[in-house]
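Every number in the numbering used here is 653 more than the matching position in the sequence shown, counting from 1.
The next block holds one structure in the form of structure tokens; read it before the comments.
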Amino acid sequence: MRYADRPTVEAEVHIAATPARVWPLVRDIGVVADTSEELQEANWLPAPEGPGEGDAPAVGHRFRGRNAHPQAGEWETVSEVVECDEERAFAWAVMDTANPSALWRFTLRPADGGTALRQWAQLGPGPSNLTTVIERMPDKEERIVAGRLREFQQNIERTLAGIKERAEQ
654 MRYADRPTVE AEVHIAATPA RVWPLVRDIG VVADTSEELQ EANWLPAPEG PGEGDAPAVG
714 HRFRGRNAHP QAGEWETVSE VVECDEERAF AWAVMDTANP SALWRFTLRP ADGGTALRQW
774 AQLGPGPSNL TTVIERMPDK EERIVAGRLR EFQQNIERTL AGIKERAEQ
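As structure tokens, then:
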């Protein structure tokens with residue numbers, strides 16, 4: 654498993670609430686930050702001109718995320734919404750939409766009287782803190798990538814659990 658292969662992780666949870674109830678939580682980056690171990694804070698940047706302006710996020714809208722990791726310290730990223738399909742999908746690219754350091758995506762679908770909420774994440778292919786570590790220890794790339802994917806998986810599961818809890822209240 655190599656970083657350049659764009660490895661992914663994902664998880665899904667059933668929520669006893671409609672997609673209409675879950676959707677506002679999914680597209681609220683503050684909720685994502687509140688339920689993540691690594692993403693400490695996220696704030697929308699001024700919206701671009703044109704369609705999609707206003708309070709609701711839309712494709713092309715950007716946010717700044719403040720992150721913390723026990724080994725990597727603290728850093729900030731800017732992410733851009735690359736998909737925003739109401740009550741169906743919400744996704745963002747980290748740092749560069751053409752060559753992101755990561756992609757994150759939620760999908761929602763009606764299921765069993767509620768919502769099946771899936772979160773998916775992809776490492777790379779763009780540069781990141783992880784690529785710096787890999788460059789220093791190329792012989793350990795597979796182990797480094799596997800460890801990072803485990804962390805992504807844990808964050809996804811925690812975020813899904815947090816959204817489920819809020820949606821079902």
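Virtual Cβ for every residue (Gly too), placed ideally from N, Cα, C.
**Asked** Count the other CB atoms within 10 Å of the CB of Trp757; is the residue buried (16 or more) or exposed (fewer)?
**Response** Position 104 of the sequence shown, counting from 1, holds the residue named residue 757. It is buried - the Cβ of Trp757 has at least 16 other Cβ atoms within 10 Å.
**Request:** Would you identify the three-state DSSP class for Gly705, choosing helix, strand or coil?
**Result:** Working through the sequence shown from its first residue, we reach residue 705 at position 52. Reliability of the predicted coordinates at Gly705 is poor, the pLDDT of 46 falling under 50, and no value is obtained from them.
**Request:** Report the residue ranges of all beta strand (DSSP E) runs contained in full by the region 676-759; include only those spanning at least 3 residues, in chain order.
**Result:** For the region 676-759, the continuous beta strand (DSSP E) assignments of 3+ residues that do not extend past its boundaries occur at 692-697, 715-722, 726-738, 742-747, in sequence order.
**Request:** Consult DSSP for Thr671 and reduce its assignment to one of helix, strand or coil.
**Result:** As a position in the sequence shown, residue 671 is number 18, starting the count at 1. Of the three classes helix, strand and coil, the one that applies to Thr671 here is coil, per DSSP.
**Prompt:** Quick one: what does DSSP say Thr661 is sitting in, helix, strand or coil?
**Reply:** Here residue 661 corresponds to residue number 8 of the sequence shown, with the count starting at 1. If DSSP states are grouped into helix, strand and coil, Thr661 belongs with the strands.
**Ala820, buried or exposed, once every other Cβ within 10 Å from all chains shown has been counted against 16** = Here the question's residue 820 lines up with position 167 in the sequence shown. Buried.
**Prompt:** Taking the C-alpha atoms as reference points, what is the distance between Thr688 and Glu663?
**Reply:** In the sequence shown, residue 688 corresponds to position 35, counting from 1. In the sequence shown, residue 663 corresponds to position 10, counting from 1. In a straight line, the C-alpha of Thr688 is about 16 Å away from that of Glu663.
**Request:** On a CA-only basis, which of Gln775, Ala814, Glu818 is nearest Glu665? Give me that one, please.
**Result:** The sequence position of residue 665 within the sequence shown is 12, counting from 1. The shortest C-alpha separation from Glu665 is found at Ala814.
**Item:** Selected residue, minimal CA-CA separation from Arg717, among Pro723, Val798, Val731, Glu795
**Value:** Translated into the one-based positions of the sequence shown, residue 717 becomes position 64. Comparing alpha-carbon positions, the option among Pro723, Val798, Val731, Glu795 lying closest to Arg717 turns out to be Val731.
**Request:** Taking only the alpha-carbon atoms, compute the straight-line gap between Glu733 and Val685 and give it to the nearest angstrom.
**Result:** Working through the sequence shown from its first residue, we reach residue 733 at position 80. Working through the sequence shown from its first residue, we reach residue 685 at position 32. Cα to Cα, Glu733 sits roughly 15 Å from Val685.
**Request:** Just mark Leu776 as buried or exposed, buried being the case when its beta carbon has 16 or more other beta carbons within 10 Å.
**Result:** To locate residue 776, count along the sequence shown from 1; it is residue 123. Buried.
**Request:** Taking Arg655 as part of the alpha helix (DSSP H), name the residues at either end of that continuous run.
**Result:** Walking along the sequence shown from the start, residue 655 turns up at place 2. No alpha helix (DSSP H) holds Arg655; DSSP gives it neither H nor E.
**Message:** Short of 7 Å in beta carbon distance, which residues of its chain neighbour Gly779, apart from the five on each side in sequence? Order them along the chain.
**Reply:** As a first step, residue 779 must be located in the sequence shown, where it is residue number 126. Around Gly779: Met748, Asp749, Asn752, Pro753, Ser754.
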